[in-house]
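Numbered per UniProt numbering, the sequence shown spans residues 1 to 458. For each residue, glycine too, the CB sits at the ideal point set by N, CA and C. Before any comments, here is the structure.
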Amino acid sequence: MLQERLRKDLSSTSQLLSLHIQELDERISVYNEKARAVTEAEKYTLQAHVNGLEALRLGFYTSLVDLVETRETLGLSAQVLRKEAESLFYQHAEIISARIELFRSTLQEMNKRLTLDASNTGMQGAANEIKMAHALDVSRLESLLKLMTRLDIDTVLYRSVLLRESSGISIRLFDSEAVKQTMEDSWENVSEAVSRNLPDLLLKFLAFLLILFVFRALSHIAKRLVSSALNKSTSNFSSLLKDVLTSTSGAIVMLVGILVALSQIGVSLGPALAGLGVAGFIVGFALQDTLGNFAAGGMILFYRPYDVDDFVEVAGAIGLVKKMTLVSTTINTFDNQTVIIPNSKIWGDVIKNVTAQKTRRVDLEFGISYSDDIEKTERILREIVESHEKVLTSPAPNIRLHNLGDSSVNYIVRPWTKTPDYWEVYWDITREVKMRFDRDGISIPFPQRDVHVHQQDA
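This is the structure:
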């Protein structure tokens with residue numbers, strides 16, 4: 001008698017649950033239809049009602065599972081009720097999974113567009129709403145899967161959805177079948193994407209390489225054209241300026257080629273250039289010394305204090321200028337060492353250009369003994385200077401008795417010569433003076449000091 005009464009009560013309860021669930025489904029559908037044709041404020045109100053009804057429906061689902069378990073515990077038949085619950089849960093899980101997939105693809109597309117137009121506040125707001133709805137559906141699906149697991153319903157397919165969509169890692173999601181299904185789905189998606197996009201990717205890659213090759217050839221042509229134009233120009237361009245302009249022209253052409261190649265593979269140049277502008281502003285603070293070198297390099301090119309192969313003394317280095325960029329100047333010393341000096345150090349210091357003038361004075365000094373003939377010495381020195389083929393007659397050489405030293409009578413010999421002949425004249429005259437002095441009996445005294453000793457009687 002008691003068993004019959006329980007059977008009737010549980011049967012009526014199951015019917016009541018089914019009616020409530022059906023009623024909730026209808027009310028949720030009605031609210032969703034209304035939400036499409038209301039104002040923004042009313043839409044949020046209706047959405048709150050829908051969320052409440054969804055939570056209530058999940059509560060009825062829980063009661064339904066409890067009822068199935070209760071009937072089976074009491075030894076009553078629950079086959080029909082179990083099938084009904086299984087059908088409801090599968091149908092609801094399919095709907096939620098479909099919504100989750102839709103939200104995910106929509107968010108991906110929105111994020112792509114927002115990267116191109118980050119100032120679109122309307123789209124940003126819509127994306128945030130979809131993110132919240134997506135998270136809510138993931139939570140609903142997880143709760144529904146718990147109920148399905150209690151009834152031993154297969155949930156592998158839906159757990160794989162949760163594995164793809166969950167932002168965090170949960171041990172509840174990890175069963176071997178779900179992971180396997182997720183990996184199979186992912187591999188299938190990757191394979192499909194590769195098979196669909198591989199020809200286009202290969203074509204874009206080949207176009208990318210071809211554009212770079214063409215612009216590389218164009219950069220070499222641009223260098224040759226600029227170099228030829230500068231060499232034929234009547235303007236007095238320095239060799240340094242010619243080199244910098246030539247290399248810069250090639251670099252600009254190559255930069256344009258890189259930008260064109262990137263645009264061909266789908267890289268949006270607008271945001272990239274904007275990002276470079278912001279990055280350049282930040283890097284500018286970090287690389288102030290380098291920017292100072294650029295500015296100094298520009299000033300050197302404009303004012304031209306030296307040129308290639310000029311003999312200079314700058315920033316403590318002495319040698320021949322071999323190369324210059326906007327950042328640094330390369331100098332080869334006379335003992336064949338290479339010195340690279342930042343342009344800011346050169347421009348901020350004294351620049352001594354020895355070869356800037358066409359002629360240069362050779363400064364020599366010779367000492368003779370106090371006992372030697374002054375007039376004879378002057379005649380010999382003048383003969384040596386005037387007989388040298390590379391000594392200029394104008395300006396005239398200057399030969400003078402300069403001072404009376406402690407140990408010698410000192411003469412200065414200052415002939416003029418062309419700048420490239422400076423050291424040859426210097427060494428030739430020095431050698432010839434020593435040989436003539438020896439031959440004509442004129443001595444070059446060593447430093448000496450006379451010491452006089454005075455004795456005093458005690």
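Per DSSP, what are the beta-bridge partners of Lys352 in this structure?
The residue you call residue 352 lines up with position 352 of the sequence shown. The partner list for Lys352 (beta bridge, DSSP) reads Glu313.
Give the range of the beta strand (DSSP E) segment to which Thr359 is assigned.
Here residue 359 refers to the residue found at position 359 when the sequence shown is read from its first residue. Per DSSP, Thr359 belongs to the beta strand (DSSP E) from 359-361.
Pick out whichever of Asn343, Ile346, Leu326, Gly319 has its Cα sitting closest to the Cα of Gln337.
Indexing the sequence shown from 1 puts residue 337 at position 337. Ranking the options by Cα distance to Gln337, first place goes to Gly319.
Apart from the five residues just before and just after Ile169, which ones in its own chain have a Cβ nearer than 7 Å to its Cβ?
What you label residue 169 is simply residue 169 of the sequence shown in a count that begins at 1. At Ile169 the pLDDT is 43, less than 50, meaning the model places this residue with poor confidence; the figure from the coordinates comes in the next sentence. Cβ within range, chain order: n/a, list empty.
Quick check: Gly348 and Val327, are their CB atoms within less than 8 Å of each other?
Here residue 348 is taken as the residue at index 348 of the sequence shown, counted from 1. Here residue 327 is taken as the residue at index 327 of the sequence shown, counted from 1. No, these two residues do not count as a Cβ contact at 8 Å.
In the DSSP output, what is Pro342 paired with across the bridge?
Position 342 of the sequence shown, counted from the start, is the residue given in the question as residue 342. DSSP lists Ser328 as partners of Pro342.
Are the CB atoms of Thr246 and Ser219 nearer to each other than 8 Å?
For the purposes of this step, residue 246 is identified with residue 246 of the sequence shown, where counting begins at 1. For the purposes of this step, residue 219 is identified with residue 219 of the sequence shown, where counting begins at 1. No, Cβ-Cβ distance for Thr246 and Ser219 is not below 8 Å.
Examine the Cβ distances between the stretch 246-256 and the stretch 204-224 and report whether three or more of them are shorter than 8 Å.
Because the criterion of three Cβ pairs below 8 Å is met, the stretch 246-256 and the stretch 204-224 touch.
Between Asn410 and Ser344, how many whole angstroms is the CB-CB distance? I'm expecting something under 8 Å.
Here residue 410 refers to the residue found at position 410 when the sequence shown is read from its first residue. Here residue 344 refers to the residue found at position 344 when the sequence shown is read from its first residue. About 43 Å separates the two Cβ atoms, so there is no contact after all.
Taking only the alpha-carbon atoms, compute the straight-line gap between Ser443 and Ile368 and give it to the nearest angstrom.
Within the sequence shown, numbered from 1, the residue matching residue 443 stands at position 443. Within the sequence shown, numbered from 1, the residue matching residue 368 stands at position 368. Computed Cα separation, rounded: 6 Å.
Let me know the secondary structure DSSP gives His388 once reduced to three states.
As a first step, residue 388 is located in the sequence shown; it is residue number 388 there, counting from the start. Reduced to three states, the DSSP call for His388 is coil.
Could you check what DSSP says for Tyr306 in three-state terms: helix, strand or coil?
Within the sequence shown, numbered from 1, the residue matching residue 306 stands at position 306. Looking at Tyr306 - three-state DSSP - the assignment turns out to be coil, as it is neither helix nor strand.
If the criterion is Cβ atoms closer than 8 Å, does the pair Leu114 and Ala127 meet it?
In the sequence shown, counting from the first residue as 1, residue 114 sits at position 114. In the sequence shown, counting from the first residue as 1, residue 127 sits at position 127. Yes, Cβ-Cβ distance for Leu114 and Ala127 is below 8 Å.
With DSSP as the reference, please indicate the residues paired to Val409 in a beta bridge.
Walking along the sequence shown from the start, residue 409 turns up at place 409. Partner(s): Ile368, Leu404.
Please tell me whether Ile399 and Glu375 are closer than 8 Å, where the distance is taken between their beta carbons.
Residue numbering aside, residue 399 sits at position 399 when the sequence shown is read from its first letter. Residue numbering aside, residue 375 sits at position 375 when the sequence shown is read from its first letter. It is not a contact, given that the beta carbons lie outside the stated cut-off.
Measure the C-alpha to C-alpha separation of Val339 and Thr330 and round it to an integer number of angstroms.
On the sequence shown, residue 339 is found 339 positions in, with the first residue counted as 1. On the sequence shown, residue 330 is found 330 positions in, with the first residue counted as 1. Answer to the nearest angstrom: the Cα atoms are 6 Å apart.
If distances are taken between C-alpha atoms only, which option among Tyr303, Val214, Thr333 comes closest to Leu241?
One-based indexing of the sequence shown puts residue 241 at position 241. Of the candidates Tyr303, Val214, Thr333, the one whose C-alpha sits nearest the C-alpha of Leu241 is Tyr303.
Express the C-alpha separation of Gln79 and Leu162 in angstroms, rounding to a whole number.
Position 162 of the sequence shown, counted from the start, is the residue given in the question as residue 162. Position 79 of the sequence shown, counted from the start, is the residue given in the question as residue 79. Taking the straight line joining both Cα atoms gives about 29 Å.
Once the 5 residues before and after Ile171 are set aside, which same chain residues still bring their CB inside 8 Å of it?
Locating residue 171 in the sequence shown gives position 171, where the first residue counts as 1. Residue placement at Ile171 cannot be trusted, given a pLDDT of 45 that sits under 50; what the coordinates show is reported in the next sentence. Excluding positions up to five away in sequence, the list is empty.
Under 8 Å between the Cβ atoms of Ala55 and Phe103?
In the sequence shown, residue 55 corresponds to position 55, counting from 1. In the sequence shown, residue 103 corresponds to position 103, counting from 1. No.
Give the straight-line distance between the Cα atoms of Val260 and Leu206, rounded to the nearest whole angstrom.
Start at 1 with the first residue of the sequence shown, and residue 260 comes out as number 260. Start at 1 with the first residue of the sequence shown, and residue 206 comes out as number 206. Taking the straight line from one Cα to the other gives about 13 Å.
Which whole-angstrom value is the C-beta distance of Phe311 and Val350, which I expect to be below 8 Å?
Position 311 of the sequence shown, counting from 1, holds the residue named residue 311. Position 350 of the sequence shown, counting from 1, holds the residue named residue 350. Not confirmed; about 15 Å, so no contact.
For Ile95, which option in Gln456, Arg140, Thr45, Pro305 has the closest C-alpha, if you only look at C-alpha atoms?
Position 95 of the sequence shown, counting from 1, holds the residue named residue 95. The shortest C-alpha separation from Ile95 is found at Arg140.
Out of curiosity, what's the CA-to-CA distance linking Ile211 and Ala229?
As a working note, residue 211 is residue 211 in the sequence shown. As a working note, residue 229 is residue 229 in the sequence shown. Roughly 26 Å separates the two Cα atoms.
Which residue wins for smallest C-alpha separation from Leu202, given the options Gln264, Val308, Lys232?
Locating residue 202 in the sequence shown gives position 202, counting from the first residue. With distances taken between Cα atoms, Leu202 lies closest to Gln264.
On the DSSP bridge list, what partners appear for Arg414?
Position 414 of the sequence shown, counting from 1, holds the residue named residue 414. Asn398.
Quick one: which unbroken alpha helix (DSSP H) runs of 4-plus residues sit fully inside the stretch 64-126? Chain order, please.
For the stretch 64-126, whole alpha helix (DSSP H) runs of length 4 or above, ordered along the chain, are 79-116.
What is the DSSP secondary structure of Ile442, counted as helix, strand or coil?
Within the sequence shown, residue 442 is the residue found at index 442, counting from 1. Three-state result, Ile442: coil.
Should Val362 and Arg431 be called a contact, given that it needs their Cβ atoms to be closer than 8 Å?
Numbered from 1 along the sequence shown, position 362 holds the residue referred to as residue 362. Numbered from 1 along the sequence shown, position 431 holds the residue referred to as residue 431. No. Outside cutoff.
Any idea what DSSP makes of Ile265, helix, strand or coil?
For the purposes of this step, residue 265 is identified with residue 265 of the sequence shown, where counting begins at 1. Ile265: coil per DSSP, three-state reduction.
Give the secondary structure of Leu151 by DSSP, where H, G and I count as helix, E and B as strand, and everything else as coil.
Reading the sequence shown from its first residue, position 151 is the one you call residue 151. The answer is coil: DSSP assigns Leu151 none of H, G, I, E or B.
CB-CB under 8 Å to His402, same chain, minus the five flanking residues each way: which ones, in chain order?
Translated into positions along the sequence shown, residue 402 becomes position 402. Glu365, Asn410, Tyr411, Ile412.
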